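Below is one structure, written out as structure tokens, with a few remarks after it.
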Amino acid sequence: MFRNQYDTDVTTWSPAGRLFQVEYAMEAVKQGSAAIGLRSKTHIVLGCVNKANSELSSHQKKIFKVDDHIGVAIAGLTADGRVLSRYMRNECINYSFTYESPLPVGRLVVQLADKAQVCTQRSWKRPYGVGLLVAGLDESGAHLYYNCPSGNYFEYQAFAIGSRSQAAKTYLERKFENFTDASRDDLVKDAIMAIRETLQGETLKSSVCTIAVVGVGEPFHILDQATVQQMIDAFEIVGEQEAPDAAAGQEASAEPEPEPEQGAAAGEGVAPMDI
Amino acid sequence: MNFMASKQPENFLLGPESDSQRTLYPYVTGTSVVALKYKDGILMAADMGGSYGSTLRYKNVERMKPIGKHSLLGASGEISDFQEILRYLDDLILYDNMWDDGNSLGPKEVHNYLTRLMYNRRNKFNPLWNSLVLGGVKKGEKYLGTVSMIGVNFEDNHVATGFGNHLARPILRQEWHENLSFEDGVKLLEKCMRVLLYRDRSAINKLQIAKITEEGVTISQPYSLKTYWEFSAFANPAQGAVGTW
Chain A
1 MFRNQYDTDV TTWSPAGRLF QVEYAMEAVK QGSAAIGLRS KTHIVLGCVN
51 KANSELSSHQ KKIFKVDDHI GVAIAGLTAD GRVLSRYMRN ECINYSFTYE
101 SPLPVGRLVV QLADKAQVCT QRSWKRPYGV GLLVAGLDES GAHLYYNCPS
151 GNYFEYQAFA IGSRSQAAKT YLERKFENFT DASRDDLVKD AIMAIRETLQ
201 GETLKSSVCT IAVVGVGEPF HILDQATVQQ MIDAFEIVGE QEAPDAAAGQ
251 EASAEPEPEP EQGAAAGEGV APMDI
Chain B
1 MNFMASKQPE NFLLGPESDS QRTLYPYVTG TSVVALKYKD GILMAADMGG
51 SYGSTLRYKN VERMKPIGKH SLLGASGEIS DFQEILRYLD DLILYDNMWD
101 DGNSLGPKEV HNYLTRLMYN RRNKFNPLWN SLVLGGVKKG EKYLGTVSMI
151 GVNFEDNHVA TGFGNHLARP ILRQEWHENL SFEDGVKLLE KCMRVLLYRD
201 RSAINKLQIA KITEEGVTIS QPYSLKTYWE FSAFANPAQG AVGTW
């Protein structure tokens, strides 16, 4: 995208019907380190790549527990992500207090989206620069949603956001048909493998990634490093045998529906938030 | 006490001008509601009387109403406050339905909402003068709870309001058991309502019994209980205490 005379204000439309400030906010999401999510009928797994400012500092927290039955992984401006997580926690706690019942994740996601939309229609505000993968349960089972700075939200079987997320998306596109009935452990394994794709050559170890799980009968929690390292070790051995199969699999992959491209075409084409 | 006569009380509701703004006494009241869990759901009974002090002014008041798909609400106390509560719940269920997302508020959620409502009004010294009974079934789970005008709430296998607590609950404690059949449940409720009819002066002999199961709510047509007044103690009440009236 290039600078133009319509991109100063979030409340200025371009002649092509685009709000450039909102699209720039979505660029900020693409700059953040990767986060992925995938779900079965009963469980959802969130994973993210840990990015640290320097070797001396600790990595940024990108996965937040919102309630026992809801968790969120973010990519983009972590500060914005923290503020939105606080909002989500507040909404969940207030609902629980009034109704003694967990807030259905579908309703939380809509409230979050409406909150983001407000920032696209006030001249004194700016859009939130963070994309959220919201994982949660409600009466109809497990759900995974992606909330966009534009105020849009989508439900997914599996999705990836942030830098080099396309590699993870390609992997997930190959495997997603198996996810609905997958066991919890297979789901976690697939999450770790999807993260490995985004690392593109770097060694996969538990210090580089964070994994969290939520499911029916399993409250949201982040897996500890030792467990994650064990799983990595377990399938690294199997992974070498799988490599020749994977190469054959890529040619045969069909085009799946549940993952529309987010802002892939730069400059030309449909504005990303219209999808 | 206040030494400075001109000082305004901090809470407007506690000063002399405030009494017209808040509920001090109930005016048109309903008497007991009794309810119990049975095999398929909840059974609830209430008569149709609305008393204006000691006058039995209204004799066709429906004191039990269905709420949403899964709940049934019965109320005793101020009838106009009950109507206000129904309006609040109507809004609540409306907004719940507007989500149209496969999630719905069950009896537990409605009960807790009512608890918050009653307790917050009590804290403002402007109570909704009711004792409420909330029963329902959702996904096979039976739920029966009660909330008072000061916000006291609890769940149990059988609940009652007002005089029902003193006259009906001892009967229920003796005779209620898990998995009552519909007929046995109704017989048990009628036994309780009959005692209330004899002994509660604000009870009338025109009652409804409501049932809520997974399928939905049914509220019976009004009917009356058979009573027997020929007990010798009733025949000559002054016999043991000459001069009494």
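Heads up: the sequence lines are chains A and B, in that order. Start counting the first sequence at 1; every next residue gets the next number (full-length UniProt numbering). Start counting the second sequence at 1; every next residue gets the next number (full-length UniProt numbering). A virtual CB, placed ideally from N, CA and C, is assigned to each residue, including glycine. Given the structure is predicted, the values throughout are model-derived calculations rather than measurements.
DSSP bridge partner residues for Asn145(A) (one or two, in chain order): It is worth fixing the name first, because residue 145(A) is Tyr in this sequence and not Asn. Paired residues: Val134(A), Glu155(A).
Would Asp156(B) pass as a contact of Thr31(B) if the rule is Cβ separation under 8 Å? no
Roughly how far, in whole angstroms, is the beta-carbon of Lys189(A) from the beta-carbon of Phe235(A), given that I think they are within contact range, below 8 Å? 6 Å
Taking Cβ-Cβ distances shorter than 8 Å, what residues in chain B pair up with Pro102(A)? In chain order: nothing, as chain B lies at least about 10 Å away.
At a cut of 8 Å, does the stretch 84-103 of chain B reach the stretch 59-72 of chain A through at least three beta carbon pairs? Taking 8 Å as the limit for Cβ pairs, the verdict is that the stretch 59-72 of chain A does not touch the stretch 84-103 of chain B.
What does DSSP give as the partner residues of Thr146(B) in its beta bridges? Val133(B), Phe154(B)
Chain A contact for Asn153(B) (CB, 8 Å cutoff): no
Quick check: what's the CA-CA separation for Gln239(B) versus Val195(B)? 23 Å
What span of residues does the beta strand (DSSP E) with Ser232(B) cover, start to end? Not the beta strand (DSSP E): Ser232(B) falls in the alpha helix (DSSP H), residues 232-235.
Chain B within 8 Å of Thr98(A), Cβ atoms only: yes
With a threshold of 8 Å between beta carbons, is Ala248(A) in contact with chain B? Residue placement at Ala248(A) is flagged as unreliable, the pLDDT there being 42, under the threshold of 50; the coordinate-derived value follows with that caveat. Not closer than 8 Å to any Cβ of chain B, the Cβ of Ala248(A) fails to qualify, so no.
From Val242(B), Ser220(B), Leu92(B), Lys139(B), pick the residue whose C-alpha is nearest to that of Met48(B); which is it? Ser220(B)
DSSP three-state call for Ile85(B): helix, strand or coil? helix
Are the C-beta atoms of Glu215(B) and some chain A residue less than 8 Å apart? no
Under a CB-based cut-off of 8 Å, is Asp68(A) close to chain B? no
Quick one: which chain A residues come within Cβ less than 9 Å of Lys69(B)? Simply none; closest approach about 13 Å.
Cα-Cα separation between Arg63(A) and Gly102(B), rounded to whole angstroms: Per the sequence shown, the amino acid found at residue 63(A) is Ile instead of Arg. In this model, Ile63(A) and Gly102(B) are separated by some 28 Å (Cα to Cα).
Chain-ordered chain B contacts of Glu139(A) [CB-CB under 7 Å]: Gly102, Asn103
Per DSSP, the bridge partner or partners of Cys119(A): DSSP lists no partner for Cys119(A).
By the 10 Å Cβ neighbour count, where 16 or more other Cβ atoms means buried, how is Ser76(B) classified, buried or exposed? buried
Closest Cβ-Cβ distance between Gly106(A) and chain B: below 8 Å? yes
When burial is assigned at 16 or more other CB atoms within 10 Å of the CB, is Glu251(A) buried or exposed? Legend: pLDDT at Glu251(A) = 39, less than 50; position of this residue unreliable, value from coordinates given subsequently. Counting Cβ neighbours within 10 Å, Glu251(A) comes out exposed, since fewer than 16 surround it.
Buried versus exposed call for Arg86(A) [16 or more other C-beta atoms within 10 Å across all chains shown]: exposed
Within chain A, partners of Tyr113(B) - CB distance below 8 Å: Thr98, Tyr99
Identify, in the order they occur along the chain, each residue of the same chain with its Cβ nearer than 6 Å to the Cβ of Gly147(B), setting aside the five sequence neighbours on each side. Residue identity differs from the one stated: residue 147(B) is Val in this sequence, not Gly. Contacts found: Leu114, Thr115, Met118, Leu132, Asn153.
Could you say which of Gly201(A), Arg184(A), Gln225(A) lies nearest to Val45(A) if we only look at CA atoms? Put simply, of Gly201(A), Arg184(A), Gln225(A) the residue whose alpha carbon is nearest the alpha carbon of Val45(A) is Arg184(A).
Closer than 8 Å, CB to CB, is Arg116(B) near chain A or not? yes
Using a C-beta cutoff of 8 Å, does Trp99(B) count as contacting chain A? yes
For Gly162(B) and Val109(A), I'd like the C-alpha separation in whole angstroms. 44 Å
Are three or more beta carbon pairs between the stretch 129-149 of chain A and the stretch 166-183 of chain A nearer than 8 Å? no
Lys124(B) at chain A interface by Cβ criterion, 8 Å: So no, Lys124(B) is outside the interface.
Just how far apart, CA to CA, sit Pro237(B) and Ala35(B)? 33 Å
Between the stretch 200-211 of chain B and the stretch 36-47 of chain B, are three or more C-beta pairs nearer than 8 Å? yes
Rounded straight-line distance, which links the Cα of Asn178(A) to that of Gly249(A): Unreliable placement is indicated for Gly249(A), whose pLDDT of 41 sits below 50; the coordinate value is still reported in the next sentence. If you take the alpha carbons of Gly249(A) and Asn178(A), they lie about 14 Å apart.
Just confirm the distance between the C-beta atoms of Asn205(B) and Ser224(B), as a whole number of angstroms; I'd bet it's less than 8 Å. 4 Å
What separation, rounded to the nearest whole angstrom, lies between the Cα atoms of Gln60(A) and Glu78(B)? 57 Å
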